[in-house]
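The structure appears right after this line, and notes come after that.
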Amino acid sequence: MKKEQLLDLYYQMVLIRRVEERGAELYQAGKIGGFMHLYIGQEAVSTGLIAAREPRDRVITAYRDHGVALNCGISANQVMAELLGKATGMSKGKGGSMHMASVEKNMWGGHAIVGGHIPIAAGLALGDQYAGNDNVTICMFGDGATNIGYFHEGLNLSKVWGLRVLWVCENNQYGMGTSVERASAVDEIRQKAEGYRMKNAAVNGMDVMAVYEAAKEAIAYVRTESQPYFLEVNTYRFRGHSMGDPERYRKAEEVKKWQENDPIGIFNKYLLDKKIASRKALDEIEARVEEEVQKAVEFAEASPEPALEELFTDVYAE
Amino acid sequence: MTKITMREAISQALMEEMDRDPAVFILGEEVGVWGGTYAVTKGFYDKYGPQRVKDTPIAENAIIGAAIGAAMVGQRPVAELMTINFAFSAMDYIVNQAAKLRYMFGGQFTLPLVIRAVGGGGRQLGATHSQTPDAIFAHFPGLKVVSPGTPADAKGLLKSAIRSNDPILFIEHATMYQVRGEVPEGEVLIPIGKSKVQREGSDLTIVTYCKGLELSMKAADELAKEGIEAEIVDLRTLRPLDMEPVLESFKKTNRAIVVEEGWKSYGVGAEIVSRIYEEAFDYVDAPILRVAQKEVPLPYNRTLEQAALPQVPDIIAAAKEVLK
Ligand SMILES: Cc1ncc(C[n+]2csc(CCOP(=O)(O)OP(=O)(O)O)c2C)c(N)n1
Ligand SMILES: [Mg+2]
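Heads up: the sequence lines are chains D and E, in that order.
Residues 1 to 318 (our numbering) make up the first sequence, in order.
Residues 319 to 642 (our numbering) make up the second sequence, in order.
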């Protein structure tokens, strides 16, 4: 990767972190409502993954979607506006935190029914297969989602029909308060792909370069072989499941241990150690992000509420 | 009488029945270590242990399917669906299995199963997480559907539901856990399938249940200030539906509105209005009106969401309309 690209990855990860930190403040202040699931700690996963796609490759994910949205090129302004439920959000304030999507950026949503989007991802790939192109669909989901039937139906179908899907399990060790061992018969989740004779790998999700390399290889395989591929990415969410999680199910020491493995810190050190960037250059990126996020908050706050008529639009196309 | 919250009432009902009958156990997502997403089962895991308070994987079909199986062989599972929206992920088990197995096998076994589910909008959770699909479930013979509007009813109905030998969907409302109400001390058992007059009045009848009761009570207080006395009949159980108190009230007032949170089309109101026309047509003095949710999926934006949900002023306006 070129230096500019590497610095751009750093910028994206810091951007996700700051957008969410500000989002959390706005939530506490009552300006954001509903459920909001933070991606903090997992930034390297979608940043590395999406850097490896071509723009024509599709992305679909679950409700923990702010990072994915930003990585796909949706602006901080739009993300913040959607969080505040404003007309300038990409879903016009109708979707909120869990439903970020931009067809223009080939980002097919945040989906709030656990595992529900997995067969839909197979369908995106089916549409492309039917059209005769070799686009890849990247479908992200949590460890908990691999225990629901949707997951197994979607995986099986993708293999039987040779659909171009890169299945990405973000194993952040818990589905809400339930650890992987308490909910899944296999704790190494990629073994589930073995059951469908699907090529698979596991990667350290705190290392953006490792995720990028693994994704690059996986996407090339999916595209050329016309076969699905399963990537398990091991990561951790530093915050609660959603805002207001009492976190009774895990110990503070465990969280602390993972936080020492901060993906942004790791990448910061990598860039410095390899002399790819100076401390000053990284500081400048952080300052640029700070300004961008501040502007996004101002934009979102100044944006209008959706008009009341919007309540009745988009129900049907005709 | 002591005043407790809806949350405490439901929690007490569960605990009392678990203490009374070792066949009663709870299963569902985050019911144990977490203490329940809405904190209804807080403390249960420590008290009863993982054998009787089972955290499940995220697998709604398996939760309801396994609960059905355990009920068939004589246990009394209380399955919790984190929200009723996830009932759609287990739809086959609820409406195609639980509702039919006993009948299909000629009554050879009973299905003492309770499915607790949290429904309702108003929390900005977006289209897939905010629904009030009660009427859909009430459509199926073989399933009973209960949805209380006061803490006392919640406690008494849940206890009866756990003791019942039929599959029962017990629907709670996400915004009502802090609602306080008087609950009698000691054993509270309220029969399934009995509607109740919650407020007496002679000018019009408001038929409602669950969240609609809370809203209708407020509307009735406002109407009373203008000298209009509404009688409120709380259905409490949607199936089997007890029309007696509704008809009795209607024969007195000759005017009615139905208030529900779900969508108007094919809803609870449609059923009630038809029954009144079928069974008390001679008493009708004005068209019966329905107050319900606008025909849209619920949006995230707070203002739009509130505009889509039925509100107290909508009830007042409908009441005045039928009194014209
Ligand atoms: C079908 C369904 N069941 C339950 C839920 C409630 N729920 C939302 S997120 C979640 C945990 C999912 O865990 P995981 O897949 O590991 O993703 P993570 O939140 O860790 O990113 C649950 C149980 C839901 N949204 N949909
Ligand atoms: Mg998880």
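The beta-carbon is built from N, C-alpha and C at its ideal position, and this holds for glycine as well.
Task: Identified DSSP bridge partners for residue 141 of chain D - done: Sequence index remark: in the first sequence, residue 141 of chain D carries index 141 (1-based). According to DSSP, residue 141 of chain D bridges with D:169.
Task: Neighbouring residues, chain D, relative to residue 379 of chain E (Cβ below 7 Å) - done: Start at 1 with the first residue of the second sequence, and residue 379 of chain E comes out as number 61. Around residue 379 of chain E, the beta-carbon contacts reaching into chain D at under 7 Å are 149.
Task: Best match in D:307, D:317, D:241, D:315 for proximity to residue 341 of chain D [C-alpha to C-alpha] - done: Given that chain D is displayed from residue 1 to residue 318, the structure contains no residue 341 of chain D and the question cannot be resolved.
TODO: Check the C-beta distance from residue 97 of chain D over to residue 34 of chain D and give it rounded, since I have them as a contact under 8 Å.
DONE: In the first sequence, counting from the first residue as 1, residue 97 of chain D sits at position 97. In the first sequence, counting from the first residue as 1, residue 34 of chain D sits at position 34. Going by Cβ atoms, the distance from residue 97 of chain D to residue 34 of chain D rounds to 6 Å, so yes, they are a contact pair.
Task: Chain-ordered neighbours of residue 450 of chain E on chain D, where CB pairs are closer than 9 Å - done: Taking the first residue of the second sequence as 1, we reach residue 450 of chain E at position 132. Per Cβ cutoff of 9 Å: no residues; residue 450 of chain E is ~17 Å from chain D at best.
Open item on the list: Please tell me whether residue 512 of chain E and residue 560 of chain E are closer than 8 Å, where the distance is taken between their beta carbons.
Closed with: Counting from 1 along the second sequence, the entry for residue 512 of chain E is found at position 194. Counting from 1 along the second sequence, the entry for residue 560 of chain E is found at position 242. With respect to residue 560 of chain E, residue 512 of chain E sits close: the two C-beta atoms are nearer than 8 Å.
Open item on the list: With distance defined between alpha-carbon atoms, name the residue in E:601, E:606, E:571, E:597 nearest to residue 588 of chain E.
Closed with: As a working note, residue 588 of chain E is residue 270 in the second sequence. Nearest to residue 588 of chain E by C-alpha distance, out of E:601, E:606, E:571, E:597, is E:606.
Open item on the list: With a threshold of 8 Å between beta carbons, is residue 512 of chain E in contact with chain D?
Closed with: As a first step, residue 512 of chain E is located in the second sequence; it is residue number 194 there, counting from the start. No, residue 512 of chain E does not count as interfacial toward chain D.
TODO: Report buried or exposed for residue 235 of chain D, applying the criterion of at least 16 other Cβ atoms within 10 angstroms of its Cβ.
DONE: The residue labelled residue 235 of chain D in the question sits at position 235 within the first sequence. Counting Cβ neighbours within 10 Å, residue 235 of chain D comes out buried, since at least 16 surround it.
Task: Within 8 Å, strictly: CB atoms of residue 115 of chain D and residue 145 of chain D - done: Reading the first sequence from its first residue, position 115 is the one you call residue 115 of chain D. Reading the first sequence from its first residue, position 145 is the one you call residue 145 of chain D. The Cβ atoms of residue 115 of chain D and residue 145 of chain D sit closer than 8 Å to each other.
TODO: Determine the closest residue to residue 148 of chain D out of E:374, E:598, E:619, E:630, with distance taken between C-alpha atoms.
DONE: Reading the first sequence from its first residue, position 148 is the one you call residue 148 of chain D. Minimum Cα distance to residue 148 of chain D is reached at E:374.
Open item on the list: Within the continuous alpha helix (DSSP H) that includes residue 293 of chain D, where are the two ends?
Closed with: Translated into positions along the first sequence, residue 293 of chain D becomes position 293. Where residue 293 of chain D is concerned, the enclosing alpha helix (DSSP H) stretches over 279-302.
TODO: Check whether the Cβ of residue 404 of chain E sits closer than 7 Å to any heavy atom of ligand 1, and report yes or no.
DONE: Taking the first residue of the second sequence as position 1, residue 404 of chain E is located at position 86. For residue 404 of chain E, the distance from the CB to the nearest heavy atom of ligand 1 is below 7 Å.
Open item on the list: Is there a C-beta anywhere in chain D that falls below 8 Å from the one on residue 325 of chain E?
Closed with: Translated into the one-based positions of the second sequence, residue 325 of chain E becomes position 7. Output row for residue 325 of chain E: interface = no.
Task: Cut-off 8 Å between Cβ atoms - residues of its own chain near residue 361 of chain E, not counting five sequence neighbours on either side - done: As a first step, residue 361 of chain E is located in the second sequence; it is residue number 43 there, counting from the start. Contacts found: 353.
TODO: Quick one: which unbroken alpha helix (DSSP H) runs of 4-plus residues sit fully inside the segment 408-491 of chain E? Chain order, please.
DONE: Correct list: 419-422, 452-456, 469-481.
Task: Per-residue contacts from residue 249 of chain D into chain E (C-beta, under 8 Å) - done: Locating residue 249 of chain D in the first sequence gives position 249, where the first residue counts as 1. 351, 352, listed in chain order.
Open item on the list: Tell me the DSSP secondary structure of residue 102 of chain D in three-state form.
Closed with: In the first sequence, the residue the question calls residue 102 of chain D occupies position 102. The DSSP-derived three-state label of residue 102 of chain D is strand.
TODO: Tell whether a beta-carbon distance below 8 Å holds between residue 46 of chain D and residue 77 of chain D.
DONE: As a first step, residue 46 of chain D must be located in the first sequence, where it is residue number 46. As a first step, residue 77 of chain D must be located in the first sequence, where it is residue number 77. No, they are not a contact pair.
Open item on the list: Any contact between the segment 448-457 of chain E and the segment 304-312 of chain D? By contact I mean 3 or more CB pairs, one from each, below 8 Å.
Closed with: The segment 448-457 of chain E, when compared against the segment 304-312 of chain D, does not touch it at the 8 Å Cβ threshold.
Task: Chain-ordered chain E contacts of residue 325 of chain D [CB-CB under 7 Å] - done: No information on residue 325 of chain D is available, as it lies outside the stretch 1 to 318 that chain D covers here.
Task: Contacts that residue 585 of chain E makes with chain C (C-beta to C-beta distance below 8 Å) - done: Within the model displayed, chain C is absent; protein chains D and E are what it includes.
Open item on the list: Let me check understanding here. Comparing Cα to Cα, which of E:501, E:412, E:444 lies closest to residue 460 of chain E?
Closed with: Working through the second sequence from its first residue, we reach residue 460 of chain E at position 142. For the residues E:501, E:412, E:444, the minimum Cα distance to residue 460 of chain E belongs to E:412.
Task: alpha helix (DSSP H) segment containing residue 505 of chain E, residue limits - done: Looking up residue 505 of chain E in the second sequence gives position 187. Run containing residue 505 of chain E: none; DSSP gives neither H nor E here.
Open item on the list: Taking the beta carbon of residue 568 of chain E as the centre, do at least 16 other beta carbons fall within 10 Å, making it buried, or is it exposed?
Closed with: Working through the second sequence from its first residue, we reach residue 568 of chain E at position 250. Counting C-beta atoms within 10 angstroms of its own C-beta, residue 568 of chain E has 16 or more neighbours from the protein chains shown and is therefore classed as buried.
TODO: Determine, using beta carbons only, whether residue 371 of chain E and residue 359 of chain E come nearer to each other than 8 Å.
DONE: Position 53 of the second sequence holds residue 371 of chain E. Position 41 of the second sequence holds residue 359 of chain E. Yes.
Task: Through-space distance from residue 92 of chain D to residue 328 of chain E, alpha-carbon basis - done: Taking the second sequence and counting its residues from 1, the one referred to as residue 328 of chain E is at position 10. Taking the first sequence and counting its residues from 1, the one referred to as residue 92 of chain D is at position 92. Their backbone Cα atoms lie some 38 Å apart in a straight line.
Task: residue 405 of chain D, DSSP secondary structure in three states - done: As displayed, chain D neither begins before 1 nor continues past 318, which places residue 405 of chain D out of reach and without an answer.
Task: Cβ-heavy atom distance, residue 407 of chain E to ligand 1, below 7 Å - done: As a working mapping, residue 407 of chain E is identified with position 89 in the second sequence. Using a cutoff of 7 Å, the CB of residue 407 of chain E counts as near ligand 1, since one of the ligand's heavy atoms is closer than that.
Task: Pocket of ligand 2 defined by Cβ to heavy atom distance under 6 Å - done: Those residues are D:142, D:143, D:144, D:172, D:174, D:175, given in chain order.
Task: Against chain E: residues of the segment 161-191 of chain D by CB proximity under 8 Å - done: Cβ contacts with chain E: 175, 176, 177, 178, 182, 183, 184.
Task: Beta carbon of residue 24 of chain D nearer than 8 Å to that of residue 6 of chain D - done: Here residue 24 of chain D refers to the residue found at position 24 when the first sequence is read from its first residue. Here residue 6 of chain D refers to the residue found at position 6 when the first sequence is read from its first residue. Contact flag unset, no.
Task: Cβ-heavy atom distance, residue 400 of chain E to ligand 1, below 7 Å - done: Residue mapping note: residue 400 of chain E aligns to position 82 of the second sequence, counting from 1. In this structure, residue 400 of chain E has its CB closer than 7 Å to one or more heavy atoms of ligand 1.
Open item on the list: Using a Cβ-Cβ distance cut-off of 8 Å, determine whether residue 492 of chain E contacts chain D.
Closed with: As a first step, residue 492 of chain E is located in the second sequence; it is residue number 174 there, counting from the start. Output row for residue 492 of chain E: interface = no.
Open item on the list: For residue 99 of chain D, which residues in the same chain have their Cβ closer than 6 Å to its Cβ, ignoring the five residues on either side in sequence?
Closed with: For this step, residue 99 of chain D is matched to residue 99 along the first sequence. Cβ-Cβ distances below 6 Å link residue 99 of chain D to 91, 110 in the same chain, with the five nearest sequence neighbours on each side left out; the list follows chain order.
- [ ] For residue 570 of chain E, I'd like the list of residues in its chain whose CB is within less than 7 Å of its CB, leaving aside the five on either flank, ordered along the chain.
- [x] Position 252 of the second sequence holds residue 570 of chain E. Taken in chain order, the residues that qualify are 520.
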